[in-house]
Structure formats: structure tokens, C-alpha cells
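**Student:** Just so you know, the UniProt record's numbering puts 77 at position 77 of the sequence shown, and the rest follows in order with no gaps.
We treat Cβ as the ideally placed atom computed from N, Cα and C, and that holds for glycine.
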Amino acid sequence: MVKKLKKWELLEEEDISPSPWFPLYKHKIKLPNGNIVDDYYLSKVGDVAMVVPVTKEGDIVFVKQYKHGAGDVIIELPAGRIKPEYTTEENAVMELEEETGYKTDKMILLGTLYGEPSKDTYKVFGFLAGGLTERYEQRLDENEDIDVVHVPIAKIDDFIKDGNICSPDTIAFIRLAQLKFPEMFKIS
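Structure follows, in C-alpha cells:
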């Protein structure tokens with residue numbers, strides 16, 4: 001028998017954000033068992049568009065940059081916060097162009113993931129991009145310093161297994177692309 005789970009009831013929400021970079025809220029919630037939790041903290045950093053860009057030569061295009069939360073330089077797929085005045089797909093196209101210098105004429109939605117479902121509301125929308133053409137010029141934000149990295153599709157699984165890619169949403173969207181487009185990724 002499948003148990004029907006109930007959602008928590010939000011009783012109060014207080015904005016305690018320390019800055020626009022980190023929107024933080026204190027919730028008072030009522031659990032399905034009737035218990036009240038008056039100090040549940042939740043962030044609302046905003047949804048993300050992420051792109052799995054594949055070149056006609058069969059490479060996946062990644063970005064390599066310092067991430068302060070990790071305290072390290074990491075390799076991940078091009079991505080960025082979604083600006084509400086554009087569609088999710090338009091945001092994905094813009095992030096690809098800004099971070100890598102590539103344009104695309106083909107964008108396919110791979111799926112949506114919750115980035116941190118316990119402590120944040122954001123979702124990550126993943127897209128597969130093909131038909132890439134290079135513009136040769138990145139348009140980086142003032143806080144970005146990005147190196148563009150190409151990895152052949154045939155080597156992507158080894159690249160992940162060897163720990164060269166350790167960002168969970170990047171790994172998840174590569175795997176979704178492999179599952180949905182096995183002919184492109186040569187997965188049997």
C-alpha cells in the first residue's frame with residue numbers, strides 16, 4: 001500500500017536576507033502530524049537554465065571557473081540564473097552565448113531538477129544545444145572569469161569517473177542527454 005504524504009503548511013514567512021545575493025527566509029510551518037516548527041530556514045536564490053552544448057565535431061562544451069562555495073575551480077555546463085523577463089529557453093541561449101561564445105539554432109528541453117529541495121526553492125532547467133556556431137567572444141559578467149573546455153563525447157564518462165566533473169546538476173543533465181539521445185552519445 002502506498003502512503004499518501006501530505007505537504008507542510010506555511011504559517012508565517014519572514015524575509016531575513018543578508019543580501020540580494022542570498023535571499024533567506026525564516027518559516028514557521030505546521031507538519032502533517034500537527035507539530036509546529038518555528039525556525040525552518042529556506043533560501044530562494046532563483047531558478048537556473050543549464051545547457052549541454054554539443055559541437056558538430058562531437059565535443060561537449062564546458063566552462064571552467066572558480067566557485068567560491070566550493071572554494072575550488074570546477075568544470076561544469078554553462079548555466080545561469082533565469083531572468084524573469086525572458087523565457088527559460090531564451091535564458092539558456094543567452095547563458096550559452098555569454099559564457100562560451102557559442103550560438104545555437106537548436107535547443108531541446110532535457111528536463112527539470114530541484115537544485116537543493118530541502119533548503120532552497122530553485123529548479124534547474126536543462127537543455128541540449130546543437131547546431132553550434134562560434135562567435136569567438138564571451139560576454140562575461142563582472143564577477144566571472146571563465147575558460148571554455150571541450151571534452152569529446154567518447155571521453156565524457158571517463159571524465160566524470162575520474163572526478164574532473166563533480167557538479168551534480170552537470171552530471172545529471174549529461175546523463176539525461178545520454179538516456180534521451182543514445183545515438184548521439186553512443187550509449188547502448
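So if DSSP puts residue 65 in a beta bridge, which residue, or which two residues, is it bridged to?
**Tutor:** Answer is 74.
**Student:** CA-CA distance, residue 28 and residue 89?
**Tutor:** Roughly 35 Å between the two C-alpha positions.
**Student:** So the candidates are 32, 86, 20, 55; which of them puts its Cα closest to the Cα of residue 4?
**Tutor:** 32
**Student:** List in chain order: all unbroken beta strand (DSSP E) runs of 3+ residues lying wholly within the UniProt domain "Nudix hydrolase" (44-173).
**Tutor:** 48-53, 59-67, 72-76, 79-81, 106-114, 123-130, 147-152
**Student:** Should residue 134 be labelled buried (16 or more other beta-carbon atoms within 10 Å of its own) or exposed?
**Tutor:** exposed
**Student:** Give the DSSP-derived three-state secondary structure of residue 180 in the structure shown.
**Tutor:** helix
**Student:** By DSSP, does residue 13 sit in helix, in strand, or in coil?
**Tutor:** Three-state result, residue 13: strand.
**Student:** Beta-carbon separation of residue 173 and residue 96 under 9 Å?
**Tutor:** Cβ atoms of residue 173 and residue 96: not closer than 9 Å.
**Student:** Between the segment 61-68 and the segment 144-151, do three or more beta carbon pairs fall short of 8 Å?
**Tutor:** With a cut-off of 8 Å, the segment 144-151 and the segment 61-68 count as touching, because enough Cβ pairs lie within range.
**Student:** If I measure Cβ to Cβ from residue 23 and keep anything under 7 Å in the same chain, skipping five residues before and after, which residues do I get?
**Tutor:** 17, 43, 44, 45
**Student:** Among 100, 39, 166, 181, which residue has its Cα nearest to the Cα of residue 10?
**Tutor:** Nearest C-alpha to residue 10: 39.
**Student:** Have a look at the DSSP bridge pairing and note the partners of residue 37.
**Tutor:** 29
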